Amino acid sequence: MLASLGSCYRVCHRQQLRTLLPCVPKYAPCALLARNLASSRSVTPRGSLHPSPFHPNSLFCTMAPLAQNHYRLPVNVQPTHYDLTVWTDLKTSKFGGFVNISLDVHEETSAVVLNTHGLDLGNASIISDVQQTEQVQSGQTIDINLQRVTFTFPSPLAARSKAQLKIPFDGHLSPSMTGYYVSAWEDNGQTKHYALTQFEPTDARSAFPCLDEPLFKATFAITMVSHADTVNISNMPSISEEIYDGRSNGTPDINKLLLTLPSEHKWKITRFQTTPKMSSYIVAWANGPFVHLEQKVTLPLSGKTVPLRIYSTPDVIHQAAFALDVVARVLPIYETVFDVEFPLPKLDTLVVIVFFVSVYLNSPSFTSGAMENWGLITGRTSALLLDPAKSDINAKKNVAMTQSHEVAHMWFGNITTMRWWDNLYLNEGLRFFLIMGEVIILGEIFPEWKANSGFITDHLQSALALDAKLSSHPIEVECPDANHINQIFDALSYSKGASVLRMLCDYVGEEKFLKGVSLYLKKNLYGNTVTNDLFEGISAATGFDTVRVMDNWIKKQGFPVITVTESENGIHVRQDRFIETGHVDPKENETIWNVPLSILTADQNGQVSIDKSAILEEREKDITLDTNRAFKLNAGSVGVYRTLYTPDRLAKIAVEAAKENSVFTLDDRMGILYDSLALSKAGLAELSDTLTVIDLWANEKEYLVWSSVSEALGTLINTFWESPQTVEILRAFIRSLFVPLVERLGYEYSANEPPDVALLRTLAISTASAGKHPGVIDELKSRFTHFMETGDDSKIPADLQSCIFTTAVRYGGPAEYNAVVGIQEKPKTPTAHIAAMYAMGRTEDPALLDQTFSYILTKSRDQDVVYFFRGLQSNPHARRKFAEFFKDNYDYASVTFFQKFCRAYNLSFGTLSTAKDYERTELFFKDKDTSKYHMTLAQALETIRTRTAYIERSLDDLNKWLKAWEKRAK
1 MLASLGSCYR
11 VCHRQQLRTL
21 LPCVPKYAPC
31 ALLARNLASS
41 RSVTPRGSLH
51 PSPFHPNSLF
61 CTMAPLAQNH
71 YRLPVNVQPT
81 HYDLTVWTDL
91 KTSKFGGFVN
101 ISLDVHEETS
111 AVVLNTHGLD
121 LGNASIISDV
131 QQTEQVQSGQ
141 TIDINLQRVT
151 FTFPSPLAAR
161 SKAQLKIPFD
171 GHLSPSMTGY
181 YVSAWEDNGQ
191 TKHYALTQFE
201 PTDARSAFPC
211 LDEPLFKATF
221 AITMVSHADT
231 VNISNMPSIS
241 EEIYDGRSNG
251 TPDINKLLLT
261 LPSEHKWKIT
271 RFQTTPKMSS
281 YIVAWANGPF
291 VHLEQKVTLP
301 LSGKTVPLRI
311 YSTPDVIHQA
321 AFALDVVARV
331 LPIYETVFDV
341 EFPLPKLDTL
351 VVIVFFVSVY
361 LNSPSFTSGA
371 MENWGLITGR
381 TSALLLDPAK
391 SDINAKKNVA
401 MTQSHEVAHM
411 WFGNITTMRW
421 WDNLYLNEGL
431 RFFLIMGEVI
441 ILGEIFPEWK
451 ANSGFITDHL
461 QSALALDAKL
471 SSHPIEVECP
481 DANHINQIFD
491 ALSYSKGASV
501 LRMLCDYVGE
511 EKFLKGVSLY
521 LKKNLYGNTV
531 TNDLFEGISA
541 ATGFDTVRVM
551 DNWIKKQGFP
561 VITVTESENG
571 IHVRQDRFIE
581 TGHVDPKENE
591 TIWNVPLSIL
601 TADQNGQVSI
611 DKSAILEERE
621 KDITLDTNRA
631 FKLNAGSVGV
641 YRTLYTPDRL
651 AKIAVEAAKE
661 NSVFTLDDRM
671 GILYDSLALS
681 KAGLAELSDT
691 LTVIDLWANE
701 KEYLVWSSVS
711 EALGTLINTF
721 WESPQTVEIL
731 RAFIRSLFVP
741 LVERLGYEYS
751 ANEPPDVALL
761 RTLAISTASA
771 GKHPGVIDEL
781 KSRFTHFMET
791 GDDSKIPADL
801 QSCIFTTAVR
811 YGGPAEYNAV
821 VGIQEKPKTP
831 TAHIAAMYAM
841 GRTEDPALLD
851 QTFSYILTKS
861 RDQDVVYFFR
871 GLQSNPHARR
881 KFAEFFKDNY
891 DYASVTFFQK
901 FCRAYNLSFG
911 TLSTAKDYER
921 TELFFKDKDT
931 SKYHMTLAQA
941 LETIRTRTAY
951 IERSLDDLNK
961 WLKAWEKRAK
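Encoded structure:
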């Protein structure tokens with residue numbers, strides 16, 4: 001059966017595939033069908049792969065628990081170096097090569113276990129420095145489920161010896177976007193191809209046999225053999241490149257390989273420098289018709305000049321200059337801040353069509369993804385390309401954040417790497433890269449973007465939203481196998497980890513904190529770490545017991561709500577776990593967090609002081625302060641918790657926050673609003689309190705506060721979407737707030753205006769359009785009509801592109817829809833591409849919605865489906881059809897794009913709002929294998945249940961407030 005399936009997969013005849021997999025839709029594209037089939041292959045493991053005991057004197061003697069894990073490789077051998085040769089034939093979509101792995105043998109063994117997946121392996125051979133005689137394998141056992149191969153040899157390898165293991169392999173370049181894969185692009189009507197790698201978290205094994213776990217660090221010397229007219233790039237600079245002329249070109253193995261390759265092509269051999277010691281998931285290479293831009297930067301510590309390049313295909317390279325400039329600006333800053341030299345001789349970026357399972361999509365600001373391969377960052381076109389003349393501020397922010405984020409990984413994650421994926425947050429959240437990469441660094445090079453304040457929306461709130469669920473997980477979470485690993489690339493590993501560190505940084509002071517981070521790096525250069533390693537560095541720099549204070553933030557699920565009540569002498573504070581439903585079982589409320597309270601107070605002259613030493617280390621306690629003055633906990637919204645005041649105190653805080661020169665900052669105001677909405681959702685406060693706060697702030701000046709207001713009101717419309725009368729009054733309230741902003745700011749943008757003005761204009765227009773203001777809608781429609789009639793897009797500014805596309809499709813017909821499809825298929829910029837895909841999901845015409853669903857299955861690229869999903873999720877006319885689409889295509893979609901993008905389950909079902917929805921969804925998945933997405937499915941189900949309770953509890957209160965407002969407005 002396996003052989004016949006593999007043969008059919010390579011031939012890729014649609015009818016044969018549908019015969020084997022009748023559940024696949026008849027209009028599914030051939031490439032996706034093939035990938036579906038390949039992903040569905042499974043056999044019972046052949047042979048037992050129990051880890052061997054290790055030698056007591058081994059370097060791994062402290063890692064005994066790892067050796068007992070069924071899903072982990074045995075630690076009886078350790079790789080020290082890979083000599084890897086890979087050939088690529090873009091014409092036939094094939095690759096292959098051989099790898100020589102240098103091993104330290106820690107105990108006597110006649111078997112070596114590696115990871116492999118989807119490769120055809122030849123006969124392995126091994127030679128030991130003790131035996132000096134090459135042995136050819138006596139057996140080769142593949143375990144498909146565990147993605148492993150066990151090579152056995154006639155004579156055992158001696159303990160404490162060194163060995164060289166050589167393995168030939170062949171593979172197929174599929175469009176899987178994982179492992180070593182192929183992608184296509186159009187050049188003057190011709191389809192051309194390139195190939196690249198994406199290994200995180202566990203796909204290096206799909207490109208070459210290796211010990212594919214972070215702990216098994218080694219050096220890599222890579223040689224690439226490719227068509228002579230293509231470009232090869234890898235982690236390190238090339239040291240030689242030569243065209244094969246039929247004569248000897250180096251090692252006997254390479255010469256032998258060259259004789260087997262098609263003679264009708266000219267081949268070249270590119271050799272690269274040996275890498276530093278590194279984990280397999282950040283190894284990278286690419287082959288294709290790439291071109292590049294280049295500049296150089298001199299680094300402050302080493303004084304060395306490092307070349308920086310950005311590669312892409314010729315058609316879009318002109319849009320890559322900004323991303324390259326960001327790298328040149330942030331790289332020296334990182335070296336100074338970390339006080340650790342950048343270790344590589346170059347840093348490249350490759351802009352291509354990619355898909356990253358590591359990217360979570362809880363934040364509405366998400367647009368793209370990238371990967372921090374050491375010395376060769378790879379990123380999506382939407383992450384790294386922009387046309388300065390046709391790109392809005394958010395596009396520029398996205399490119400700058402993406403690049404600074406990935407450059408930070410050159411230290412955090414690449415030099416120093418988590419020991420196992422349960423410490424993923426050490427790479428992502430607790431690696432501090434979200435703060436270092438998006439806040440401190442961006443605050444230095446782009447201060448006008450207010451990145452620190454933006455962190456509250458983009459990261460803190462997305463983390464709190466997910467962690468408020470019973471189905472969330474601790475930052476440090478057990479993940480025994482790949483199914484678990486892929487699911488924890490989420491807002492908890494990323495944003496909660498970063499938010500917890502941001503809170504710690506604020507508590508101990510930024511200077512001392514950064515010193516501790518530097519100590520951590522220096523102590524663990526080229527090593528693997530766990531939580532305490534980071535905290536020990538910070539403790540050494542601060543004299544503060546970081547481990548004691550931070551332990552529960554890392555290892556326990558959830559976060560607290562701090563309830564504040566007032567007394568004659570001050571306030572009483574109490575902490576309990578915050579759950580979005582508001583109902584906390586005592587068993588779920590046992591954790592006591594050490595909570596930095598950061599209490600802001602103002603004296604009679606309005607002078608503000610912040611007590612950062614105040615910390616709540618017990619369930620509850622009294623704090624002395626003058627409650628006749630303005631005060632607030634969690635100054636600057638730095639703490640990872642919610643604060644619940646009495647209704648009277650919240651009203652006083654809201655009134656003070658509305659003043660022109662309020663003691664409460666921009667960051668405070670954002671936190672007040674987010675807390676108020678979350679507490680009303682949990683039933684701990686009235687929803688009307690949140691609306692009262694918003695109404696009081698009608699004269700707000702700051703864009704980020706208005707963005708929070710827009711988000712809050714949009715959340716309410718998406719919650720109560722099946723109560724049309726309520727939604728109509730909500731829209732009227734939205735119009736009362738945002739139309740005056742549109743009238744004041746207009747529709748025209750100036751290159752000289754502050755970013756906040758441009759952002760506020762875009763927000764006001766898009767929110768007023770969502771509020772169905774006829775004048776705004778007509779203006780946006782007329783701009784798109786002009787484009788349709790003339791082909792001139794000059795009336796569609798980049799900042800309004802998405803809003804105009806969406807409005808045109810939402811209120812238009814087939815002509816507008818087809819025009820947007822045309823933009824999607826031949827976009828001028830990545831932002832136009834994304835805006836068009838999103839808009840295709842916003843049509844309210846049932847027939848056009850059906851066309852969108854069909855388009856997703858038949859024409860969309862896997863890496864793009866998320867943008868269609870976002871549009872469908874935002875469209876109340878599509879939500880139930882979206883859920884049915886998922887169910888109808890589950891067998892096909894679950895092993896293509898849904899498998900790669902776990903959060904799709906939440907997008908598909910998370911907007912539903914009734915008890916029947918919950919029952920039907922739960923019933924649908926009852927007989928499914930949910931092992932690859934059980935966490936995200938649980939979160940989706942909990943979201944439905946929470947929304948149902950929220951509606952039942954708050955609808956009357958909401959309607960009462962809206963009717964009172966309506967009377968006042970008249």
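Here the UniProt record's numbering is used: position 807 in the sequence shown is 807, and no number is missing along the way. Note that CB positions come from ideal geometry on N, CA and C, so glycine has one too. It should be emphasised that the depicted structure is a prediction, and the values quoted were computed from it without experimental measurement.
Nearest-angstrom Cβ-Cβ length linking residue i and residue j, presumed shorter than 8 Å
| i | j | result |
| --- | --- | --- |
| Val407 | Tyr334 | 6 Å |
| Asp129 | Lys166 | The Cβ separation is near 15 Å, so there is no contact. |
| Asp799 | Asp458 | Asp799 to Asp458, Cβ: 18 Å. No contact. |
| Thr581 | Thr946 | 5 Å |
| Ser395 | Thr88 | Residue identity differs from the one stated: residue 395 is Ala in this sequence, not Ser. Ala395 to Thr88, Cβ: 33 Å. No contact. |
C-alpha distance - residue i paired with residue j, whole-angstrom precision
| i | j | result |
| --- | --- | --- |
| Val86 | Val330 | 33 Å |
| Leu84 | Val99 | 4 Å |
| Thr719 | Pro754 | 34 Å |
| His318 | Leu386 | 9 Å |
| Tyr281 | Asn373 | 8 Å |
| Ser93 | Asp170 | 11 Å |
| Asp229 | Pro237 | 19 Å |
| Gly443 | Asp551 | 29 Å |
| Leu962 | Pro797 | 35 Å |
| Thr202 | Leu73 | 13 Å |
| Asp864 | Thr807 | 21 Å |
| Gly454 | Leu460 | 9 Å |
| Gln824 | Arg870 | 15 Å |
| Arg744 | Ala286 | 50 Å |
Extent of the continuous beta strand (DSSP E) to which residue i belongs
| i | result |
| --- | --- |
| Ile377 | 376-380 |
| Trp411 | Looking at the DSSP string, Trp411 is not in any beta strand (DSSP E), and its letter there is neither H nor E. |
| Ile233 | 231-234 |
| Trp185 | 179-187 |
| Ile599 | 599-602 |
| Thr140 | Here residue 140 is Gln; the residue named in the question, Thr, does not match the sequence. Segment 139-143, the beta strand (DSSP E) holding Gln140. |
Three-state secondary structure (DSSP) of residue i
| i | result |
| --- | --- |
| Phe220 | strand |
| Arg861 | coil |
| Met550 | helix |
| Asp212 | coil |
| Gly288 | strand |
| Leu196 | strand |
| Gln607 | coil |
Beta-carbon contacts of residue i that lie in its chain and below 6 Å, excluding the five residues immediately before and after
| i | result |
| --- | --- |
| Ser471 | Ala938, Gln939, Glu942 |
| Phe924 | Lys887 |
| His70 | none |
| Gln68 | The predicted model places Gln68 with a pLDDT of 43, which falls under 50 and marks its position as unreliable; any figure quoted below should be read in that light. Around Gln68: no qualifying Cβ. |
| Trp697 | Ala658 |
| Arg309 | His292, Glu294, Asp348 |
| Lys272 | It is worth fixing the name first, because residue 272 is Phe in this sequence and not Lys. For Phe272, where only same-chain residues beyond five positions count, the Cβ hits under 6 Å are Ile222, Ser234, Met236, Ser238. |
Neighbourhood of residue i by C-beta distance below 7 Å, restricted to the same chain and skipping five residues each side
| i | result |
| --- | --- |
| Ser609 | Thr601 |
| Thr402 | Ser368, Ala370, Gly379, Ala383, Leu384 |
| Ala883 | Ser908, Phe909, Leu912 |
| Ala321 | Leu293 |
Beta-carbon contacts of residue i that lie in its chain and below 8 Å, excluding the five residues immediately before and after
| i | result |
| --- | --- |
| Leu633 | Ile562, Val564, Val573, Leu597, Ser598, Ile599, Leu600, Gly639, Thr643 |
| Pro156 | Glu108, Thr109, Ser110 |
First through last residue of the alpha helix (DSSP H) which encompasses residue i
| i | result |
| --- | --- |
| Arg945 | 934-969 |
| Asn255 | 252-260 |
| Thr305 | First-last for Thr305: 305-312, but that is the beta strand (DSSP E), not the alpha helix (DSSP H). |
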